[in-house]
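First residue of the sequence shown? That's 3 in the working numbering, and the numbers climb one at a time after it.
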Amino acid sequence: MPSPDPPAPAIRPFQPPITALLIYPATLIVGSLFSVLSPTAQGTRDDGSSTLHPHVEPLAPSIASDLNLSFPPPRPVNYFARKDNIFNLYFVKVGWLWTTAALAFILLSQPAYTLAASHRARRTGQAVLRYALATTVWYLTTQWFFGPPIIDRSFVLTGGKCERAVPLAENEPAAADVKTLLTAAACKHAGGAWRGGHDVSGHVFLLVLATSLVVFELVGGSQGWGKGGVNVNVNGNGEAEKEVSEEVDVVRVWSGRFAWAVAGLGWWMLLMTGIWFHTWFEKLTGLLIALGTVYTIYILPRRVLPWRNVVGLPGV
């Protein structure tokens, strides 16, 4: 009498290795080297010390970093060196909005969050918690930290201050003492220039954090799909179920493509930031803050079980 087939082994979702994060310092190194070696980049690059950037919208990744252009600003010879390029204005400036949209599509379409009813609520809840933690760090770093955000506070603590960009006309009363302004937005509003301190790269911080979040969630959440729209879904008992749904598969595929597009464009804009903006150290500090956040949310739970029980892992 033939023995019954053994139960199918549980499929453990693949998690990107920690070495995958090396793509970020590698990208910034390549960009920074190009900015030094390229005559074109040397002529138009923003060194972060003599530049006064245009006003930033509330969802901007870095307020201080966008208020550092010289007066009058030189005309960039490369499209991506311009602060008003379409990708900077409508992607990076509202980068967290794109990140939120990508995550929403992942949660609504990928099998780890749409199948296996016994785990769906827990996985989705933990994914939302991971997103909330990343959002909190983003908000405190770039938007508000009991007043000025962390980036602005660090700028002031390292000697930065608001200076008047345009000299006052003779006998014209000053509307405010710009030196007392503690945020880049207030400085800009008063007609001043944010100068002198260490300007942590908010663009680097945002782009590294956002692309990491999207990729980790997408890779973990999309595991278990075979070819031709066949899904292998592992339930709580480790039993594999196969089902075909062309309509659902189309939504899953296009949602995944959208998320990859957001991550890919984020990587490209990170490279452009590495070439055209900020000093090496300013980019490094933005990178370290972002990688520290990513490590805490996505890597540490692999090693610390109590923390994993709280935030979970994508697709697990």
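All C-beta atoms in this analysis are idealised placements derived from N, C-alpha and C, irrespective of residue type, glycine included.
Under the 8 Å Cβ criterion, the region 93-107 does not count as touching the region 304-315, having fewer than three qualifying pairs. Annotated as distal: Ala-83 and Leu-211, with beta-carbon spacing of 8 Å or more. Inclusion of Phe-93 and Leu-267 in the CB contact set at 8 Å is warranted, their separation being smaller than that value. Bounds of any alpha helix (DSSP H) do not take in Ala-195; it lies within the beta strand (DSSP E) bounded by 194-197.
For Thr-21, there is no enclosing alpha helix (DSSP H), as DSSP marks it with neither H nor E. Proximity of the region 110-118 to the region 253-268 meets the contact definition, three or more beta-carbon pairs being nearer than 8 Å. By the beta-carbon neighbour count (other beta carbons within 10 angstroms, threshold 16), Asp-86 is exposed.
Our two residues, Leu-131 and Val-313, have alpha carbons roughly 6 Å apart in a direct line. In this structure Gly-222 touches Gln-17 by the C-beta definition: roughly 6 Å separates them, less than 8 Å. Looking at the DSSP output, Cys-164 shares a beta bridge with Trp-196. Approximately 7 Å separates the beta-carbon atoms of Leu-272 and Val-206; this is inside 8 Å, confirming the contact. Taking Ser-34 as reference, the option from Tyr-141, Arg-124, Arg-125 and Leu-286 with the minimal CA-CA separation is Leu-286. Distance from Trp-196 to Cys-164 at the Cβ level is roughly 6 Å; contact confirmed, criterion being Cβ atoms closer than 8 Å.
A Cβ-Cβ distance of about 5 Å is found for the pair Leu-220 and Ala-261, placing them in contact under the 8 Å criterion.
Here DSSP, grouped into helix, strand and coil, assigns Ala-129 to helix. The DSSP-derived three-state label of Pro-151 is coil. Of the candidates Gly-194, Ser-120 and Tyr-300, the residue whose Cα lies closest to the Cα of Thr-213 is Tyr-300. Boundaries of the alpha helix (DSSP H) harbouring Tyr-115: 113-116, taken from the DSSP string.
About 18 Å separates the Cβ atoms of Asn-80 and Trp-269, ruling out a contact at the 8 Å cut-off.
In this structure, the beta-carbon distance from Asp-201 to Phe-157 falls below 8 Å. Look at Val-210 here: in three-state DSSP terms it is helix.
Burial state of Thr-21 is exposed, judged by a 10 Å Cβ sphere holding fewer than 16 other Cβ atoms.
Annotated as proximal: Gly-199 and Gly-162, with beta-carbon spacing under 8 Å. Residue burial annotation: Phe-283 is exposed, with fewer than 16 other C-beta atoms found within 10 angstroms of its C-beta.
Apart from sequence neighbours up to five positions away, the residues of its chain that approach Leu-159 with a beta-carbon distance below 8 Å are Gly-199, ordered along the chain.
Counted as a single uninterrupted DSSP element, the stretch harbouring Val-202 is not any alpha helix (DSSP H), since DSSP gives it neither H nor E.
Contact between Ala-265 and Val-217 is confirmed by a C-beta separation of about 5 Å, below the 8 Å threshold.
In the displayed model, Arg-124 falls within a helix according to three-state DSSP.
For Pro-303, the secondary structure class from DSSP, reduced to helix, strand or coil, is helix. Taken through DSSP and simplified to helix, strand or coil, Asp-251 comes out as helix. Separation of Thr-137 and His-121 (C-alpha to C-alpha, rounded to the nearest whole angstrom) is 24 Å.
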